[in-house]
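Worksheet: the structure to be examined is printed underneath.
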Amino acid sequence: MQTGEPSRTARAAAFHRAAHQVLEHGRIFADPLALRILGQDADAVAREAEARPSGRRMRIFIAARTRFAEDALAAAIERGVRQLVVLGAGLDTYAYRSPWRDRLRVFEVDHPSTQAWKLERLAEAAIPVPAWLTFAPVDFERETLAEGLQAAGFDAAQQTFFTWLGVVPYLTEEAVWATAGFIASLPHGAHVVFDYGEDPALLSPEVRDSHEKRAAHVAAMGEAFVSRFTPDGLRAKLTGLGFSEIEDLGPRQIASRYFPSRASSAPERGGHILRASTVAGSTTGGEDLPAA
Ligand SMILES: C[S@@+](CC[C@H](N)C(=O)[O-])C[C@H]1O[C@@H](n2cnc3c(N)ncnc32)[C@H](O)[C@@H]1O
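Under my numbering, the first residue of the sequence shown is numbered -12, with each subsequent residue one higher.
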């Protein structure tokens, strides 16, 4: 990120969510606050998106990753989870439309510059900050998540759900593993959803070409891709940290789940969405937490 500036890719991700509401009518992921928090009207968003048709793939990926995360979160809440941490929140709107209200505590963790900008955006959009939300400014490259959350009043004794969308590719591996290690170390269990890009060496020439264009685009915004993974290497590392349940969707599985009409043309390798849990049977079977 550029020193002292909010994340430009956070604005880009919020733009894609807003454009998905307008162009695909929120078919994969419906977000009634997406346009408001962005501060643009539907026509302007449609014009900007249609001027760059190559953005469609990323728009659909962002809609799918958010839907996947919120579905997994809903399942965890049904099983008794009452604490959510949104890591690298950007202009994510979950906290402001949470149907759980004060039964779900939410912490938004983000780089201080992006968080300050979000507060301005919320004020301009007249979106109130709910009582169940706490902001925790943290630079993952300079401070530990544990310290930032502790200062914000996070309850480490509660089973917690973490969303970490669109952040991992921009962090050093050291910062990625420090954060994942903290999540895995929580004594009463934790769940995390994040997305990652596969090592470009594994990609088909066509996907690698589009990946390289995107990498150059985000690097020009001052937010270069730093970390990529192989699915097997990532799984081994997460298992070693203590994640016992891992669901990792590659491009074909994402397509067949969220836009089946395109599944046959989806590449085998590319962007992944992953859910990991230290609680065995967190979506099927397993013990429910006592009601909070
Ligand atoms: C692509 S945006 C994703 C935002 C949001 N999760 C979404 O899906 O719209 C990347 C986010 O990572 C955050 N980020 C990048 N580097 C960071 C760092 N070193 N510490 C904290 N946050 C960071 C940015 O501030 C930004 O909010």
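Beta carbons are placed, not taken as given, at the ideal position from N, Cα and C, and that holds for glycine.
- Between the region 157 to 173 and the region 29 to 48 there are fewer than three inter-stretch CB-CB distances shorter than 8 Å, so the stretches are not counted as touching.
- DSSP places residue 23 in the uninterrupted alpha helix (DSSP H) bounded by 21 to 25.
- Three or more Cβ pairs drawn from the region 212 to 221 and the region 180 to 189 lie within less than 8 Å of each other, which places the two stretches in contact.
- For residue 172, the secondary structure class from DSSP, reduced to helix, strand or coil, is helix.
- In the three-state reduction of the DSSP assignment, residue 96 falls in the strand class, which pools E and B.
- Residue 80 is not a Cβ neighbour of residue 123, given a cutoff of 8 Å.
- In terms of Cβ geometry, residue 50 and residue 4 form a close pair [threshold 8 Å].
- Residue -11 has its alpha-carbon roughly 16 Å from the corresponding atom of residue 105.
- Within the region 38 to 83, the complete alpha helix (DSSP H) segments of 4 residues or longer fall at 43 to 65, listed in chain order.
- The alpha-carbon of residue 181 is positioned some 16 Å away from that of residue 47.
- Distance from the C-beta of residue 183 to the nearest heavy atom of ligand 1 is not below 7 Å.
- Separation of residue 107 and residue 73 (C-alpha to C-alpha, rounded to the nearest whole angstrom) is 18 Å.
- Taking the Cβ atoms as the reference, residue 162 lies roughly 5 Å from residue 127, within the contact range of under 8 Å.
- Residue 123 sits in a strand when the DSSP states are folded into three classes.
- DSSP places residue 227 in the uninterrupted alpha helix (DSSP H) bounded by 218 to 228.
- DSSP places residue 32 in the helix class (H, G or I) of the three-state scheme.
- Proximity to residue -3 across 39, 153, 44 and 38 peaks at 153, based on C-alpha coordinates.
- Per DSSP, residue 186 lies in no alpha helix (DSSP H) segment and is marked neither H nor E.
- In the three-state reduction of the DSSP assignment, residue 18 falls in the coil class.
- Counting C-beta pairs closer than 8 Å gives three or more between the region 249 to 256 and the region 227 to 239, which meets the contact rule.
- Looking at the backbone, the Cα of residue 135 and that of residue 37 are separated by about 40 Å.
- Inclusion of residue 153 in the 7 Å shell around ligand 1 follows from its C-beta lying nearer than that to a non-hydrogen atom of the ligand.
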